[in-house]
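2 protein chains.
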Amino acid sequence: MLLKNLISYNKAKNIVFNSFDEMMKHKYKIVDILSSYNKISFEDIRTPMNLPMFNKSAMDGYAVMAKDTFGASENNPIILNLVDENPNNAEIGTDMCIKLSTGMPIPKGANAVVMKEYCIEEDGFVEVRKGVHPYENVARIGEDVKKGDLIIKKGEVITPYHIALLSSSGIKNIKVYDLKIGLISTGDELVDLDDFNDIDELKNEYKIVNSNSPMLYSLIKETGLTPTIYKRARDNKEEIKNTILKALDENDVIITTGGTSVGDRDYTVEVIKEIGNILIHGVQIRPGKPFGFAKCVLNDEEKFIFILSGYPVASAVQFELFFRNYFRARKYVYLPLNRNIASTLGRTDVVRIKLINKNNKTYIEPLRITGSGVISSITKADGYVIINENIEGYEKSSILKAYLF
Amino acid sequence: MLLKNLISYNKAKNIVFNSFDEMMKHKYKIVDILSSYNKISFEDIRTPMNLPMFNKSAMDGYAVMAKDTFGASENNPIILNLVDENPNNAEIGTDMCIKLSTGMPIPKGANAVVMKEYCIEEDGFVEVRKGVHPYENVARIGEDVKKGDLIIKKGEVITPYHIALLSSSGIKNIKVYDLKIGLISTGDELVDLDDFNDIDELKNEYKIVNSNSPMLYSLIKETGLTPTIYKRARDNKEEIKNTILKALDENDVIITTGGTSVGDRDYTVEVIKEIGNILIHGVQIRPGKPFGFAKCVLNDEEKFIFILSGYPVASAVQFELFFRNYFRARKYVYLPLNRNIASTLGRTDVVRIKLINKNNKTYIEPLRITGSGVISSITKADGYVIINENIEGYEKSSILKAYLF
């Protein structure tokens, strides 16, 4: 594969991410909270109210004026008058109390709750056997979140815990990033999963099942965006062009796999050159060198094309670095290597790793299998490390940043 | 909250997980590969074929007998006869070659591929300017996966990379765990997200929005199983009983939140005692002490009821420890603490943490906010540590297992 003008990983990343910055300014949809799980917030979200909204009881018990109970104990119980009113509207004075369940508002006049375990109720009186200080067993207004607090940042992934917080805040719908992504695989040797009956058919016709489209489909789902798979295009310029134009029309971004090099059959890049502007073709990374990225304008709208490798491991790494990491960067931890890693100056290496636990220590173990076609290697990985282009490798025990799947 | 017979975390976990072991023996559905993302495999999956299925070219170039090219170089090119046949059926002999694109089968007789960059084709001859050794640029049969290799284990979560491997193997459908889970929240003070118009309405009526059902709904989605939310039940024994019976009829498992203690309004446990057998009520953990678990038989089928706390942080932790961890245990890393944590002997503490990176080291930082109602604390966490019941706490710099969200 001969690619001229290879650029560095960082330069390529900047070109792609700046393009996304521009595009994502206005790509959102509104979803209800139950559908927002795993989507990406389009904006900063602040609570419209205090949580709790009112002082409420944190326990089942009796609302009191705390000062009335000072000194109360098993041996020195204090007697209060039980007010038999709905606590929502009631008010109490000195030596009075009102029965409350957890979550009920603290009535006017009261400032603490005695747990019912320390009270004996009889004939309109309550014997209190434990003193409480002001606000004991009271969940106070704004204790969890204050009105106007930032609860979700623009770009943050919505978790189930955010959904609890959004619901509590009475927020029913939010704006999330929305991007329609068309997936196109090319290659005469490919057959789509739906287009064969049994394995012998594949073997006899020397066919390879298209695994890139299903993989990218689920990678995009995982990112919280909206993928569509197009039927695989044969190595035929007209067919590739028609598929790309249709997909561009129906999506914001398209991702092609295969045909990225400069071969006789590699029409993808040729076609894209005709309909758009290739911004990247070839990056100093391994795996994933033949990565391409193009911009084109269709129906007055800017659209992007990611040109990924036909090899699943290479396309997975290209997707990870140039697509997924824009929308949801991986968490990382610094951990020691358990053996040397070699690398090549001038090239950024993405090395798949496992985490190994030995005697209460966690180590990074680089996976030895490195072929870009060997998809089974990536299913065994817990994550990866990135070795910068100015590094020749690392010795065992070096501390590296491990990005975690 | 007075609970008798608190049991240990480990004892409770064993009771729940053994029950799941029994139930999950026969709870599966068959899904197509595209729908299998994030689901849990019901069985060990082995490839029905070698990957690749046949020796194929890893490059665009010319298939040759390697021995014919030994010694070839820029200055000493070797001339081969070009066979103009479909490589799928062709066979070559000495001094012959066939043009191939990446992915095409290696024709009979050939055992290596010279990259086209090192070849010049003219008039039925190819000038080869670089020697290749046997199997150079050939992806060999079974190099990635051998027929019969285990590619996914029973209980493993299906990732996009598994989906690539399943597709490559020609596997169109798989069995995944399937469990229908009904979600019931109880409490007069609760209002469902759909059942109010604006925030003032909540404030004036002292209502709290039901956040447990939406949170558990998305937690279950995240686990790859099938949740259904039921309308919140008021603190009325009949209403709770009817809702539970309907949900039990329509699901395999139900999860209730609220009403777990022994209060005047706490009918949930009372109702469940009438229709089933309570196996756990109260566990020595914090947060989450009032956890309950029950078994009942309906329509000749065993069903389980998880009785969770009404406080969202407590119910989130109970769900994590007793439900999610059965289906998909969290990854963990050993890391040092950046300050002391106190705990109480005889109780298992679940402490939410953040990971902090300082000078190429990652530390565990316990989050200080500990109220079980303070849902905002959990949205800020990167994970948690579990402090066993026989530990009184940890000093700064101790190495702990951090479970990662």
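Sequences listed follow chains D and H, in order.
Under the working numbering, the first residue of the first sequence is numbered 142, with each subsequent residue one higher.
Under the working numbering, the first residue of the second sequence is numbered 142, with each subsequent residue one higher.
All C-beta atoms, glycine included, are put in the ideal place defined by N, C-alpha and C.
Of all Cβ atoms in chain H, is any one closer than 8 angstroms to the Cβ of residue 160/D? Your numbering for residue 160/D matches position 19 in the first sequence. Not closer than 8 angstroms to any Cβ of chain H, the Cβ of residue 160/D fails to qualify, so no.
Excluding the 5 residues flanking residue 391/H on each side, which residues of the same chain have their C-beta closer than 8 angstroms to its C-beta? In the second sequence, the residue the question calls residue 391/H occupies position 250. Hits under 8 angstroms: 321, 323 and 369.
Give a yes or no on whether the minimum CB-CB distance between residue 527/H and chain D is below 8 angstroms. Within the second sequence, residue 527/H is the residue found at index 386, counting from 1. Judged by the 8 angstroms Cβ criterion, residue 527/H is not in contact with chain D.
According to the neighbour-count rule (16 or more other Cβ atoms, all chains shown, within 10 Å of its Cβ), is residue 154/D buried or exposed? Working through the first sequence from its first residue, we reach residue 154/D at position 13. Residue 154/D is buried by the Cβ-count criterion.
If you draw a straight line from the alpha carbon of residue 478/H to that of residue 233/D, how long is it in whole angstroms? Counting from 1 along the second sequence, the entry for residue 478/H is found at position 337. Counting from 1 along the first sequence, the entry for residue 233/D is found at position 92. Distance between the alpha carbons of residue 478/H and residue 233/D: 48 angstroms.
The stretch 340-357 of chain H in contact with the stretch 191-210 of chain H per 3-pair CB rule at 8 angstroms: no
Listing by chain order, which chain D residues have their CB less than 9 angstroms from the CB of residue 264/H? On the second sequence, residue 264/H is found 123 positions in, with the first residue counted as 1. Those within 9 angstroms of residue 264/H in chain D number zero; the least Cβ separation is about 17 angstroms.
Within the same chain, show all residues whose beta-carbon is closer than 7 angstroms to that of residue 537/D, passing over the 5 residues directly before and after it, in chain order. Locating residue 537/D in the first sequence gives position 396, where the first residue counts as 1. Within the same chain, residue 537/D has close Cβ partners 478, 479, 480 and 481.
For residue 167/D, decide whether its Cβ has a neighbour in chain H, counting only Cβ atoms nearer than 8 angstroms. The residue given as residue 167/D occupies position 26 in the first sequence. No, residue 167/D lies away from the interface with chain H (no Cβ there is under 8 angstroms from its Cβ).
Quick check on residue 173/D: buried or exposed, where buried means 16 or more other Cβ atoms within 10 Å of its Cβ? Position 32 of the first sequence holds residue 173/D. Residue 173/D is exposed by the Cβ-count criterion.
Which chain H residues are close to residue 163/D, counting only those with a beta carbon under 8 angstroms from its beta carbon? One-based indexing of the first sequence puts residue 163/D at position 22. By Cβ distance, chain H contributes nothing, its closest Cβ being about 27 angstroms from residue 163/D, past 8 angstroms.
Three-pair Cβ contact test at 8 angstroms for the stretch 285-294 of chain H versus the stretch 186-195 of chain H: yes
Identify whether residue 288/D lies in helix, strand or coil by the three-state DSSP scheme. Locating residue 288/D in the first sequence gives position 147, where the first residue counts as 1. Coil.
Going by DSSP in three states, residue 133/D sits in which element: helix, strand or coil? Beyond the ends of chain D as shown, which are 142 and 546, falls residue 133/D; an answer cannot be given.
In whole angstroms, what separates the C-alpha of residue 474/D from that of residue 305/H? Counting from 1 along the first sequence, the entry for residue 474/D is found at position 333. Counting from 1 along the second sequence, the entry for residue 305/H is found at position 164. The alpha-carbon atoms of residue 474/D and residue 305/H are separated by roughly 27 angstroms.
To the nearest angstrom, how far is the alpha carbon of residue 237/H from that of residue 363/H? Mapped onto the second sequence, residue 237/H falls at position 96. Mapped onto the second sequence, residue 363/H falls at position 222. Roughly 57 angstroms separates the two Cα atoms.
Close beta carbons around residue 235/D, own chain, < 7 angstroms, minus the five adjacent residues each side: Against the first sequence, residue 235/D aligns to sequence position 94. Correct list, in chain order: 206 and 209.
Positions along the stretch 343-358 of chain D whose CB lies within less than 9 angstroms of some CB in chain H: 343, 344, 346, 347, 348, 349, 350, 351, 352, 353, 354, 355, 356, 357 and 358
Quick check: the Cα distance between residue 541/H and residue 261/D, rounded to an integer number of angstroms? Working through the second sequence from its first residue, we reach residue 541/H at position 400. Working through the first sequence from its first residue, we reach residue 261/D at position 120. Rounded to the nearest angstrom, the two C-alpha atoms are 45 angstroms apart.
Between the stretch 306-317 of chain H and chain D, which residues of the former have CB atoms less than 7 angstroms from a CB of the latter, in chain order? 306, 308, 309, 311 and 313
For the stretch 448-462 of chain H, which residues have a beta carbon sitting closer than 8 angstroms to at least one beta carbon of chain D? 451, 453 and 457
7 angstroms CB neighbourhood of residue 546/D in its chain, flanking five on each side removed: Counting from one through the first sequence, the residue named residue 546/D turns up at place 405. 522, 523 and 524.
Checking the sheet assignment: what are the DSSP bridge partners for residue 314/H? Taking the first residue of the second sequence as 1, we reach residue 314/H at position 173. Its beta-bridge partners are 173/H.
Members of the stretch 324-335 of chain H that neighbour chain D once the beta carbon cut-off is set at 7 angstroms: 328, 330 and 334
Taking DSSP as the reference, what is the three-state secondary structure of residue 193/D? Looking up residue 193/D in the first sequence gives position 52. Looking at residue 193/D - three-state DSSP - the assignment turns out to be coil, as it is neither helix nor strand.
Residue nearest to residue 372/D in terms of C-alpha spacing, selected from 463/D, 385/D and 361/D: For the purposes of this step, residue 372/D is taken as residue 231 along the first sequence, with counting starting at 1. Comparing Cα-Cα distances from residue 372/D to each of 463/D, 385/D and 361/D, the minimum goes to 385/D.
For residue 490/D, three-class secondary structure by DSSP: Within the first sequence, residue 490/D is the residue found at index 349, counting from 1. Correct three-state label for residue 490/D: strand.
How is the alpha helix (DSSP H) around residue 529/D delimited, first residue to last? Along the first sequence, one-based indexing puts residue 529/D at 388. From DSSP, residue 529/D is part of no alpha helix (DSSP H); its letter is neither H nor E.
Using 8 angstroms for Cβ pairs, my map puts residue 182/H next to residue 348/H. What's the rounded Cβ distance? By 1-based counting over the second sequence, the position of residue 182/H is 41. By 1-based counting over the second sequence, the position of residue 348/H is 207. Contact doesn't hold; Cβ gap of about 43 angstroms is too wide.
At least one CB of chain H closer than 8 angstroms to the CB of residue 507/D: is that the case? Here the question's residue 507/D lines up with position 366 in the first sequence. No - not a single Cβ of chain H is within 8 angstroms of the one on residue 507/D.
From the DSSP output, read off the bridge partner residues of residue 222/D. On the first sequence, position 81 is the one that residue 222/D refers to. 237/D and 266/D.
Out of 265/D, 264/D and 241/D, which has the shortest C-alpha to C-alpha gap to residue 258/D? Working through the first sequence from its first residue, we reach residue 258/D at position 117. Comparing Cα-Cα distances from residue 258/D to each of 265/D, 264/D and 241/D, the minimum goes to 241/D.
Buried/exposed call for residue 453/D, threshold 16 Cβ in 10 Å: Taking the first sequence and counting its residues from 1, one reaches residue 453/D at position 312. The residue in question, residue 453/D, is buried, as its Cβ has 16 or more Cβ neighbours within 10 Å.
Residues bridged to residue 280/H by DSSP? In the second sequence, the residue the question calls residue 280/H occupies position 139. DSSP lists 197/H as partners of residue 280/H.
Short CB-CB distance (under 8 angstroms) between residue 433/D and chain H: On the first sequence, residue 433/D is found 292 positions in, with the first residue counted as 1. No, no contact with chain H.
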